[in-house]
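Before any comments, here is the structure.
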Amino acid sequence: MKKPQPGGGQIAVLIVLFFLLVWEAAVSLSQIPVYLLPAPSRILQTLFEHPQLYAQASLLTLGEAFAGLLIGLLAGVLIASLLTLMPGLEEGVMTLAILLKSTPLVAIAPLLTIWLGFGILPKIIITALLTFFPVLVNVLSGLQKAENHHLELFHSWHASRGEVFRYLRAPNALPYLFAALKISAPLALIGAVVAEWTGASGGLGRVMWLAYTNLNLPFLFAAIFILAAAGMSLYRLTVWLERRIIFWQSHPEP
1 MKKPQPGGGQ IAVLIVLFFL LVWEAAVSLS QIPVYLLPAP SRILQTLFEH PQLYAQASLL
61 TLGEAFAGLL IGLLAGVLIA SLLTLMPGLE EGVMTLAILL KSTPLVAIAP LLTIWLGFGI
121 LPKIIITALL TFFPVLVNVL SGLQKAENHH LELFHSWHAS RGEVFRYLRA PNALPYLFAA
181 LKISAPLALI GAVVAEWTGA SGGLGRVMWL AYTNLNLPFL FAAIFILAAA GMSLYRLTVW
241 LERRIIFWQS HPEP
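Right under this line is the structure:
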């Protein structure tokens, strides 16, 4: 009888645990000062000693990230759909999108903070700008890559442009959409944190900034651990949704 093989999720957990054990041993054996590199046990102790602080900061940052991701996702899908139905607009719109993508967000974030204040709105806008471009490019590629013989078949049925889009192009673009989400979901967390660094009253970015200015590395790494766990969870959630929504495709076991 063939032995069951461990799934990808189990292997990922084992790799992370192995990495943390090596980190712990290296810090202990080398006696690295805590202000240079804290051990994982010290970082976890910090998390357990300040659960309310990190819970409130995490909720705020995750809320900003989700809101920005949703706006970036909707904007990317809508504009990609518009460019597919009206291809004459593609060159001009994509030029503007590339210019926006090429602009450093670390330069835009302080301006938005000055204009809109220290609330969550600037953070959501920065996150949306960061996640918008991958969604736009991937979804547009998926919508435009319909097979010629499928298009000819729809044309032989005298299908309208809207029907071709709904029944052929949109299903064809779903794998590209989820590929974009696998990139954009972790990026949303980065966007929210970077925006919080430029000025915020709360959130993991503010916790990290205050810890950095005080050389409190256990506090800093505790926030990094939360962000890493959130990023991995978002990626796994995206893979899970992909497996259930695009059920007609074969997927490797997670």
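In UniProt numbering, the protein residues as written are 1 to 254. Glycine included, C-beta positions come from ideal geometry on N, C-alpha and C.
For this session: Could you tell me how far apart the beta carbons of G68 and A188 are, in whole angstroms, since I believe they sit closer than 8 Å?
Result: Position 68 of the sequence shown holds residue 68. Position 188 of the sequence shown holds residue 188. Rounded to the nearest angstrom, the Cβ distance from G68 to A188 is 6 Å, consistent with a contact under 8 Å.
For this session: Go through its chain and collect everything with a Cβ distance to R206's Cβ below 6 Å, but skip five positions before and after it.
Result: Looking up residue 206 in the sequence shown gives position 206. Excluding five sequence positions before and after R206, the CB atoms of its chain that fall closer than 6 Å to its own CB belong to E196 and A200, given in chain order.
Exercise. By DSSP, does Y35 sit in helix, in strand, or in coil?
Worked result: Residue numbering aside, residue 35 sits at position 35 when the sequence shown is read from its first letter. Taken through DSSP and simplified to helix, strand or coil, Y35 comes out as coil.
Exercise. Where does L215 fall in DSSP's three states?
Worked result: By one-based count along the sequence shown, residue 215 stands at place 215. L215: coil per DSSP, three-state reduction.
For this session: Consult DSSP for W248 and reduce its assignment to one of helix, strand or coil.
Result: Mapped onto the sequence shown, residue 248 falls at position 248. DSSP places W248 in coil when its eight states are reduced to three.
Exercise. Going by the beta-carbon positions, is the gap between L143 and A170 smaller than 9 Å?
Worked result: Translated into the one-based positions of the sequence shown, residue 143 becomes position 143. Translated into the one-based positions of the sequence shown, residue 170 becomes position 170. Yes, the pair counts as a contact, with Cβ atoms nearer than the cut-off.
Problem set entry | Between the CA atoms of M208 and Q45 - distance to the nearest angstrom | Indexing the sequence shown from 1 puts residue 45 at position 45. Indexing the sequence shown from 1 puts residue 208 at position 208. Those two C-alpha atoms are separated by around 17 Å.
Exercise. Could you check where the alpha helix (DSSP H) with R161 kicks off and where it finishes?
Worked result: One-based indexing of the sequence shown puts residue 161 at position 161. Residues R161 to V164.
For this session: Identify which residue in R42, I15 and H150 has its Cα closest to the Cα of V27.
Result: Numbered from 1 along the sequence shown, position 27 holds the residue referred to as residue 27. Checking every option, the nearest Cα to that of V27 belongs to R42.
For this session: Mind listing, in chain order, the continuous beta strand (DSSP E) runs of no fewer than 3 residues lying wholly within the region 29 to 93?
Result: No beta strand (DSSP E) of 3 residues or more sits fully in the region 29 to 93.
For this session: Grab the span of the alpha helix (DSSP H) containing K123 for me, first residue to last.
Result: Taking the sequence shown and counting its residues from 1, the one referred to as residue 123 is at position 123. Where K123 is concerned, the enclosing alpha helix (DSSP H) starts and stops at L121 to Q144.
For this session: Compute the Euclidean distance between the alpha carbons of L14 and A229, then round it to the nearest angstrom.
Result: As a first step, residue 14 is located in the sequence shown; it is residue number 14 there, counting from the start. As a first step, residue 229 is located in the sequence shown; it is residue number 229 there, counting from the start. Going by C-alpha positions, L14 is about 15 Å away from A229.
Exercise. Can you tell me whether T103 is buried or exposed, with buried defined as 16 or more other CB within 10 angstroms of its CB?
Worked result: Position 103 of the sequence shown, counting from 1, holds the residue named residue 103. So T103 counts as exposed.
Problem set entry | Span separating the alpha-carbon of G203 from that of W23 | In the sequence shown, residue 203 corresponds to position 203, counting from 1. In the sequence shown, residue 23 corresponds to position 23, counting from 1. G203 and W23: Cα-Cα distance of roughly 27 Å.
Exercise. So V196 is in the alpha helix (DSSP H); what residue range does that whole segment cover?
Worked result: By one-based count along the sequence shown, residue 196 stands at place 196. Per the sequence shown, the amino acid found at residue 196 is Glu instead of Val. Residue range A170 to W197 is occupied by the alpha helix (DSSP H) that includes E196.
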